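Notes for the one structure printed next.
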């Protein structure tokens, strides 16, 4: 295996593992207030849930 190919494989595997761990952290931190709570999408979701509860 040539060196540039080995570097590419290591970089891709590191990027994939980082992405997977980030997704897992975001999924498990959803119930808690924090980074996910501060996102605009969660504010939209919360507003729609309050509308449903109001009906």
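Numbering (our numbering), first residue to last: 269 to 323. Think of the CB as a built atom: it goes at the ideal place given N, C-alpha and C, for glycine as much as any other residue. None of the values given here were measured: they were computed from a predicted structure.
Chain-order list of residues whose beta-carbon lies under 6 Å from that of residue i (same chain, five-residue window excluded)
i	result
residue 292	none
Unbroken alpha helix (DSSP H) run spanning residue i, endpoints
i	result
residue 270	It is not in any alpha helix (DSSP H) - residue 270 carries neither H nor E in the DSSP assignment.
DSSP three-state assignment for residue i, whether helix, strand or coil
i	result
residue 281	helix
residue 297	coil
Cut-off 8 Å between Cβ atoms - residues of its own chain near residue i, not counting five sequence neighbours on either side
i	result
residue 284	none
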